[in-house]
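Each residue of the sequence shown is one higher than the one before, counting from 118 in the numbering used here.
Ideal Cβ placement from N, Cα and C applies to all residues, glycine included.
Bear in mind the structure is a predicted one, so any value in this text is a computation, not a measurement.
Read through the structure below, which is laid out as structure tokens, and then see the notes.
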Amino acid sequence: MRSHLICTVGTSLFQGNLEKLDEKSPDKPDNWQEIKKAYTANKWDQLAKELLKVAPTSRVCGAEINTIHDLMMSRKFPIEHIHFLVSDTEDGKNTGQVLQKYFTQYNNGIFKNKVDFESVENLQDRDPKAFKIFGLRNLVRAIGSITQRVGMEQVVIDATGGYKAQIAIAVLIGQVLNIPVVYKHERFSEIIEFPPLPVDFDYDLIGTYAGLLHYIDNKNHLLTSEELQIDEHDEKIRVFLEEVFDTSTQQTMYALSPLGELFLLGYQLRHPKAPNLRPATEKERKHPSIRDDHYPTGFKEFVQKVWEENKWIKTIRSRDYDKQKSIKGIGFNVWQIDEKYHLVGTYKQEFGARFELFLTDASKESLTWAAEYLTREYKD
């Protein structure tokens with residue numbers, strides 16, 4: 118039962134409709150003067166009350182109200198909760214307030230206490246670079262957070278409102294996660310639903326690059342090529358990276374792209390639990406074996422903590438020092454050596470070290486899940 122509607126929100130209600138509303142406006146409602154007065158005075162409670170007096174199909178109500186009303190009338194989805202995702206602008210946040218107040222009272226209060234709005238950081242048009250690098254990624258995170266909380270099978274996405282780029286991202290999220298996406302253009306007489314498309318990712322890459330992708334995702338700034346340290350063997354993940362030329366340093370900088378964010382989200386939602394991992398038996402569980410070498414501060418304690426907190430890890434052993442400079446921090450990846458798969462963890466405190474984890478199931482599927490899960494749980 119899809120009872121949660123996630124709705125991307127634009128500012129057309131304000132800028133496209135109410136800002137231009139006057140006595141010359143075609144099809145203006147009888148209470149247009151009261152609507153205009155509440156809008157210009159920033160009285161959002163009163164504005165919502167005046168809009169409720171107008172037919173929800175009227176253009177003056179804006180795309181979000183029009184679409185949600187049509188969706189409710191179609192009875193295709195039993196919507197009980199509405200989550201509005203608004204832009205990181207004053208108009209966006211004010212629009213969120215109006216929509217929340219409107220739908221709290223809509224249809225005799227059927228959504229009472231079940232309407233919320235959230236401003237998506239950097240989803241704005243003041244700084245195009247921040248919008249491109251961080252705003253769209255944060256939109257993926259916001260939709261993902263709600264979806265993880267309520268369940269994929271509970272969600273419908275309304276991609277009618279907002280910047281064109283965020284509408285495209287919302288549609289792609291729906292396709293990857295097999296979530297229905299609805300849309301209504303102002304010239305359409307009815308809502309259209311985007312049909313499912315064969316869009317999916319090669320999630321085998323998660324195991325190989327879990328540590329790197331989460332490392333990039335965890336940084337709220339651009340990374341240099343030296344910080345990123347990827348080579349020709351890593352070409353497969355360049356599609357998940359955003360490249361930006363920094364004119365001040367004359368360098369190409371990198372961040373995780375919205376597609377990369379969706380790649381991580383898609384795997385987490387499709388694989389919420391360990392596939393075949395079981396708790397190790399008392400006989401199988403052996404304390405970590407760490408050689409008597411010089412390790413980074415806190416390394417042994419970290420390895421012990423990971424072993425103690427995850428009962429499906431049979432044991433952990435330190436690995437030979439090799440290519441320490443490529444170690445970026447805490448991360449877990451699946452390595453293929455001589456046609457056999459290994460789960461390898463990394464740790465860094467001034468310098469780095471590696472260790473190998475042995476699980477109750479050594480299949481590639483389980484190692485991949487463990488690599489992503491452990492990186493997400495312990496990343497610094």
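List the whole-angstrom C-beta distance separating Lys218 from Ala165, where the pair is believed to meet the contact cut-off of C-beta under 8 angstroms. Taking the sequence shown and counting its residues from 1, the one referred to as residue 218 is at position 101. Taking the sequence shown and counting its residues from 1, the one referred to as residue 165 is at position 48. In this structure, Lys218 and Ala165 form a Cβ contact; the two beta carbons are roughly 4 angstroms apart against a cut-off of 8 angstroms.
Assuming Lys301 and Asn183 make a contact with CB atoms under 8 angstroms, what is their CB distance in whole Å? Here residue 301 refers to the residue found at position 184 when the sequence shown is read from its first residue. Here residue 183 refers to the residue found at position 66 when the sequence shown is read from its first residue. Right, their Cβ atoms sit about 7 angstroms apart.
Using DSSP with H/G/I as helix, E/B as strand and the rest coil, what is Thr368? Here residue 368 refers to the residue found at position 251 when the sequence shown is read from its first residue. The sequence given here places Gln at residue 368; Thr does not occur at that position. Strand, per DSSP.
Under a three-way DSSP split, which group does Ile274 fall into? Counting from 1 along the sequence shown, the entry for residue 274 is found at position 157. Here Ile274 sits in strand by DSSP.
CB Val293 to CB Phe311, shorter than 9 angstroms? Looking up residue 293 in the sequence shown gives position 176. Looking up residue 311 in the sequence shown gives position 194. Going by beta carbons, Val293 and Phe311 fall outside the 9 angstroms limit.
Would you mind reading off the limits of the beta strand (DSSP E) that contains Asn450? What you label residue 450 is simply residue 333 of the sequence shown in a count that begins at 1. Going by DSSP, Asn450 is part of the beta strand (DSSP E) stretching over 448-454.
Hey, Tyr320 and Asp351: beta-carbon distance below 9 angstroms or not? Taking the sequence shown and counting its residues from 1, one reaches residue 320 at position 203. Taking the sequence shown and counting its residues from 1, one reaches residue 351 at position 234. No, these two residues do not count as a Cβ contact at 9 angstroms.
Let's test the definition: count the other Cβ atoms within 10 Å of the Cβ of Ile308 and tell me whether it reaches 16, buried, or not, exposed. As a first step, residue 308 is located in the sequence shown; it is residue number 191 there, counting from the start. Ile308 should be labelled buried.
Val215 (DSSP reduced to helix, strand or coil): The residue given as residue 215 occupies position 98 in the sequence shown. Residue state, collapsed to three classes: helix.
If you follow the beta strand (DSSP E) that Leu314 is in, where does it begin and where does it stop? Translated into the one-based positions of the sequence shown, residue 314 becomes position 197. Premise fails: Leu314 is in no beta strand (DSSP E) and is neither H nor E.
Do the stretch 144-162 and the stretch 194-208 make contact, defined as three or more Cβ pairs closer than 8 angstroms? Output reads no: the stretch 194-208 does not touch the stretch 144-162.
List the endpoints of the continuous alpha helix (DSSP H) containing Ala285. Residue numbering aside, residue 285 sits at position 168 when the sequence shown is read from its first letter. Note, Ala285: alpha helix (DSSP H), 281-294.
Taking the Cβ atom as the reference point for each residue, do Gly328 and Lys445 lie within a distance shorter than 9 angstroms? Indexing the sequence shown from 1 puts residue 328 at position 211. Indexing the sequence shown from 1 puts residue 445 at position 328. A contact, by the Cβ cut-off of 9 angstroms.
Distance check for Arg192 and Trp149, CA to CA, integer angstroms please. For the purposes of this step, residue 149 is taken as the residue at position 32 of the sequence shown. For the purposes of this step, residue 192 is taken as the residue at position 75 of the sequence shown. About 30 angstroms.
Take Arg254 and list the residues in its own chain whose beta-carbon comes closer than 7 angstroms to its own, dropping the five residues that flank it on each side. In the sequence shown, the residue the question calls residue 254 occupies position 137. Within the same chain, and ignoring the five residues on either side of Arg254 in sequence, the residues whose Cβ sits closer than 7 angstroms to its Cβ are Leu373, Pro375, Glu378.
Using C-beta distances below 6 angstroms, list every residue in its chain close to Glu151, excluding the 5 sequence neighbours before and after it, in chain order. Start at 1 with the first residue of the sequence shown, and residue 151 comes out as number 34. Correct list, in chain order: Glu167.
On the DSSP letters alone, give me the boundaries of the beta strand (DSSP E) that Ile123 sits inside. Numbered from its first residue, the sequence shown carries residue 123 at position 6. Here the beta strand (DSSP E) through Ile123 covers 121-125.
Of the residues Phe220, Asn225, Phe251, which one's Cα is nearest the Cα of Asp233? Translated into the one-based positions of the sequence shown, residue 233 becomes position 116. The residue among Phe220, Asn225, Phe251 with its C-alpha nearest the C-alpha of Asp233 is Phe220.
For a test of the three-state rule: what should DSSP assign to Ser480, helix, strand or coil? The residue you call residue 480 lines up with position 363 of the sequence shown. It is coil, neither helix nor strand.
Is it buried or exposed, Asn158, if we count other Cβ atoms within 10 angstroms and call 16 or more buried? For the purposes of this step, residue 158 is identified with residue 41 of the sequence shown, where counting begins at 1. Sequence check: residue 158 is Ala here, not Asn. By the beta-carbon neighbour count (other beta carbons within 10 angstroms, threshold 16), Ala158 is exposed.
Answer yes or no: do Thr432 and Glu467 have a C-beta to C-beta separation smaller than 9 angstroms? Residue mapping note: residue 432 aligns to position 315 of the sequence shown, counting from 1. Residue mapping note: residue 467 aligns to position 350 of the sequence shown, counting from 1. The answer is no: Cβ separation not under 9 angstroms.
Same chain, Cβ closer than 8 angstroms to Gln368, five either side skipped, listed in chain order: In the sequence shown, the residue the question calls residue 368 occupies position 251. Excluding residues up to 5 positions away in sequence, Thr341, Ser342, Phe362 lie with their Cβ nearer than 8 angstroms to the Cβ of Gln368 in the same chain.
Please list the terminal residues of the continuous beta strand (DSSP E) segment that includes Gly462. Stepping through the sequence shown from its first residue, residue 462 is reached at position 345. Taken as a continuous stretch (DSSP letters only), the beta strand (DSSP E) holding Gly462 covers 457-466.
How would you write the range of the alpha helix (DSSP H) that Lys445 sits in, first residue to last? For the purposes of this step, residue 445 is taken as residue 328 along the sequence shown, with counting starting at 1. First-last for Lys445: undefined, no H or E at that position.
Pick out the complete alpha helix (DSSP H) segments inside the stretch 154-216, 4 residues or longer, and give them in chain order. The alpha helix (DSSP H) runs lying completely inside the stretch 154-216 and spanning 4 residues or more are 161-168, 180-191, given in chain order.
Under the three-state reduction of DSSP, which class applies to Phe228: helix, strand or coil? As a position in the sequence shown, residue 228 is number 111, starting the count at 1. In this structure, Phe228 counts as coil in the three-state DSSP scheme.
Going by DSSP in three states, Thr221 sits in which element: helix, strand or coil? As a working note, residue 221 is residue 104 in the sequence shown. Thr221: helix per DSSP, three-state reduction.
Assuming Gly278 contacts Glu181 (C-beta within less than 8 angstroms), just tell me the rounded distance between them. Taking the sequence shown and counting its residues from 1, the one referred to as residue 278 is at position 161. Taking the sequence shown and counting its residues from 1, the one referred to as residue 181 is at position 64. Contact flag correct, Cβ pair sits at about 5 angstroms.
Since I believe Val272 is in contact with His388 (beta carbons under 8 angstroms), could you give me their beta-carbon distance rounded to a whole number of angstroms? In the sequence shown, counting from the first residue as 1, residue 388 sits at position 271. In the sequence shown, counting from the first residue as 1, residue 272 sits at position 155. Not really, about 18 angstroms apart at Cβ, beyond 8 angstroms.
Looking at the secondary structure, which residues open and close the alpha helix (DSSP H) in which Tyr326 lies? As a first step, residue 326 is located in the sequence shown; it is residue number 209 there, counting from the start. For Tyr326, the enclosing alpha helix (DSSP H) has its first and last residue at 321-334.
Other residues of its chain near Ile169: CB distance less than 8 angstroms, five sequence neighbours each side excluded: One-based indexing of the sequence shown puts residue 169 at position 52. Position check: residue 169 holds Leu in this sequence, whereas Ile was assumed. Within its own chain, the residues whose Cβ lies closer than 8 angstroms to the Cβ of Leu169, once the five positions on either side in sequence are excluded, are Tyr219, Gln222, Tyr223, listed in chain order.
Buried or exposed: which applies to Thr128, given that a residue is buried once 16 or more other Cβ atoms fall within 10 Å of its Cβ? As a working note, residue 128 is residue 11 in the sequence shown. In this structure Thr128 is buried. Its beta-carbon is surrounded by 16 or more other beta-carbon atoms within 10 angstroms.
Cβ neighbours of Val267 in the same chain (closer than 6 angstroms, five flanking residues each side left out): The residue labelled residue 267 in the question sits at position 150 within the sequence shown. Spatial neighbours of Val267 in its own chain (CB-CB distance under 6 angstroms, excluding positions within 5 residues in sequence) are listed in chain order as His121.
Measuring only the C-alpha atoms, how far is Lys249 from Gln163? In the sequence shown, the residue the question calls residue 249 occupies position 132. In the sequence shown, the residue the question calls residue 163 occupies position 46. In this model, Lys249 and Gln163 are separated by some 35 angstroms (Cα to Cα).
Give the single residue among His331, Leu339, Val288 whose Cα lies nearest to the Cα of Leu314. On the sequence shown, residue 314 is found 197 positions in, with the first residue counted as 1. Nearest Cα to Leu314 within the set His331, Leu339, Val288: Val288.
Assuming Phe380 and Ser435 make a contact with CB atoms under 8 angstroms, what is their CB distance in whole Å? Indexing the sequence shown from 1 puts residue 380 at position 263. Indexing the sequence shown from 1 puts residue 435 at position 318. Phe380 to Ser435, Cβ: 31 angstroms. No contact.
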